[in-house]
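Counting from 1, position 2 in the sequence shown corresponds to residue 2 in UniProt numbering; the numbering is continuous, with no gaps.
Built from N, CA and C at the ideal position, the CB exists for glycine as well.
Note sheet for the following structure.
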Amino acid sequence: MSEEAEPGSHEDSLIDKMGETLAVVDTKSWLAIIALGGILTFLLLWSIFGKIPIKAEGLGIILNEKGVFSVESTTPGIVQKIFVKKDDRFTAGENLIELLEPEEELKLQAAELKLTTEEAELARLKTQVGEEYKAEVLAMHAELKALEFNQEKLLEEIPKLKEVSEKKRSLYEKGLISLQALRDAEFQVSEREINLEKMKASISSLKAKLAKEYRTEEIKGKEQEVLAAKENYELLMKRKELALIKAPQPGKVLEVNVREGTFVAKGEAVIWSEHVVKEGDPILIYSYVSADMGKRINPGAKVNVELLNVNPQEFGMMNAEVLDVSLFAISANALEKTLQNATLSQYLMGSNRAVLQIIAKPVADHSTPSGFSWTSGSGPQEVITTGTLAKIKVIIEEVRPISYLFPVWKLKSALDQSPEKDSKAVQKDG
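Laid out in structure tokens, this is it:
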């Protein structure tokens with residue numbers, strides 16, 4: 001037979017076992033349990049009362065409020081010289097780009113050579129004619145003097161011969177001389193008178209030649225050839241002026257779309273520019289986000305602008321505020337027409353087929369070098385210029401973490417029924 005247990009032995013064994021159990025959970029373990037409980041409690045409270053920001057991201061560019069325009073080529077050609085660069089300002093009518101048309105350039109060179117040749121030939125002809133005319137004039141003057149001298153001699157000689165002829169006639173009538181002697185005397189008078197008339201005619205002819213220009217028809221013909229060559233050259237020069245792309249209005253260069261040596265077609269946008277504004281005039285951020293996310297953005301939303309030429313790790317991002325959201329989605333073609341820059345439009349569209357335009361205004365802060373507020377410190381030392389590309393982040397919603405534990409339809413229903421959303425919808429409809 002087994003021995004019966006003593007009355008207090010069972011209770012003592014239970015107490016010993018409880019002591020052993022309590023000894024397993026020491027002080028450090030209790031602290032770990034308390035810490036874990038605290039973390040779980042914090043996570044629970046954060047999931048209920050905390051908020052996770054939902055951001056819409058997109059690409060943008062800084063422009064002034066007056067907008068942009070493109071300078072287009074007025075004629076096809078090869079870019080020979082570019083007179084401006086990025087950030088340069090230009091006035092209306094200023095030469096921006098010089099184009100070269102090989103065929104037209106050859107024509108112009110040929111016309112210039114022809115004009116130079118014709119002018120040289122005209123100058124040579126005038127020199128030659130001048131020298132010839134000078135020699136001719138000297139000869140004519142010498143001949144004229146000789147004729148005038150002989151004329152004077154004849155004028156002196158004829159009266160004397162007439163007197164001799166009259167005397168011989170008297171002698172002939174008296175029978176003292178023969179008829180032949182009389183005729184010889186009269187012949188000498190007639191001969192001298194005929195020579196005198198010839199001399200007078202020669203003198204008149206020489207004087208007429210001296211009064212008349214020498215080889216004028218030949219010079220006039222050459223002058224007509226020079227004039228025709230000059231008109232052709234000037235016409236080609238005017239056509240070359242068309243190959244000079246001039247500024248249609250004052251502006252500032254944002255981007256030169258061509259390089260020297262490249263071919264441009266008529267009507268092609270060669271320079272992307274913005275309208276001139278005064279220093280200190282406001283700038284805006286024109287950004288583009290997907291249509292799905294963009295329709296959730298409202299005016300007044302806060303925007304973080306990461307400029308691509310500013311290190312965000314060093315200076316942070318520029319703070320801005322949404323001014324306007326486009327009512328309708330914008331296609332790639334529509335954006336290209338708005339910005340007048342195909343390359344930039346493709347970049348801003350990204351992989352989206354349609355986007356919404358978000359216009360934001362930087363938050364001013366005159367204590368910073370740039371004049372704008374930044375998420376970290378005072379921002380960069382450089383002035384923020386138009387044409388700068390950027391990435392934007394807009395906080396469109398703040399979601400409580402616990403909502404991710406529920407089905408999406410329940411979360412959406414809860415958000416739609418919230419008084420805050422209802423009031424926003426009423427304001428938007430109004």
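Check your understanding: Does the ligand MN have a heavy atom nearer than 7 Å to the CB of Ala185?
Key -> In terms of ligand content, the structure shown is empty, and the ligand MN therefore cannot be addressed.
Check your understanding: What are the boundary residues of the beta strand (DSSP E) that Ala320 is part of?
Key -> Met318 to Val325
Point to revise | Residue(s) in a DSSP beta bridge with Val84 | key: According to DSSP, which records beta bridges pairwise, Val84 is partnered with nothing at all.
Exercise for review: Indicate the three-state DSSP secondary structure (helix, strand or coil) for Ser367 in the structure shown.
Suggested key: coil
Point to revise | Rounded C-alpha distance that separates Leu323 from Val270 | key: 31 Å
Check your understanding: Along the chain, where does the beta strand (DSSP E) that runs through Gln346 open and close?
Key -> Segment Ala342 to Met349 is the alpha helix (DSSP H) holding Gln346; no beta strand (DSSP E) there.
Review point. If you draw a straight line from the alpha carbon of Glu306 to that of Glu231, how long is it in whole angstroms?
Key: 59 Å
Check your understanding: Quick one: what's got a C-beta closer than 8 Å to Leu206's C-beta in the same chain, skipping five residues either side?
Key -> Met140, Glu143, Leu144 and Leu147
Point to revise | Inter-stretch contact at 8 Å, needing at least 3 Cβ pairs: the stretch 132-139 / the stretch 109-117 | key: no
Check your understanding: Are Ala56 and Val394 close, meaning C-beta to C-beta below 8 Å?
Key -> yes
Practice item. For the alpha helix (DSSP H) containing Leu284, list its first residue and its last residue. Key: Note, Leu284: premise wrong, no alpha helix (DSSP H); beta strand (DSSP E) at Ile283 to Ser290.
Review point. Going by the beta-carbon positions, is the gap between Ser70 and Trp374 smaller than 8 Å?
Key: no
Exercise for review: Classify Leu236 as helix, strand or coil using the three-state DSSP reduction.
Suggested key: helix
Check your understanding: Per DSSP, Leu244 is paired with what?
Key -> Glu98
Review point. In angstroms, rounded to a whole number, what distance separates the CA positions of Glu131 and Lys212?
Key: 16 Å
Review point. So what's Pro362 in DSSP terms, helix, strand or just coil?
Key: strand
**Study point:** Segments of 3+ residues assigned as beta strand (DSSP E) that fall wholly inside the stretch 93-137
**Key:** 95-100
Review point. Of all the options Glu397, Ala334, Asn319 and Ser345, which has the alpha carbon lying nearest to the alpha carbon of Gly379?
Key: Asn319
Check your understanding: Quick one: what's got a C-beta closer than 6 Å to Leu122's C-beta in the same chain, skipping five residues either side?
Key -> Lys222 and Val226
Check your understanding: CA-CA distance, Glu65 and Pro282?
Key -> 7 Å
**Study point:** Cross-strand partners of Val256 (DSSP beta bridge)
**Key:** Ile271
Point to revise | Helix, strand or coil at residue 431 according to DSSP, with G and I counted as helix | key: Only positions 1 to 430 of the chain appear in this structure, which leaves residue 431 out of reach.
Practice item. Count the other CB atoms, across all protein chains shown, that sit within 10 Å of the CB of Phe90; report buried if there are 16 or more and exposed otherwise. Key: buried
Exercise for review: Please report how far the alpha carbon of residue 471 lies from the alpha carbon of Ala185, in whole angstroms.
Suggested key: Since the first residue shown for the chain is 1 and the last is 430, residue 471 is missing from the structure and cannot be characterised.
Practice item. State the DSSP-derived secondary structure class of Asn309, mapped to helix, strand or coil. Key: coil
Review point. Rounded to a whole number of angstroms, what is the C-alpha to C-alpha distance between Arg109 and Leu344?
Key: The displayed chain sequence assigns Gln, not Arg, to residue 109. Each residue's Cα considered, the two are about 39 Å apart.
Point to revise | Per-residue DSSP class, three states only, for Ser376 | key: coil
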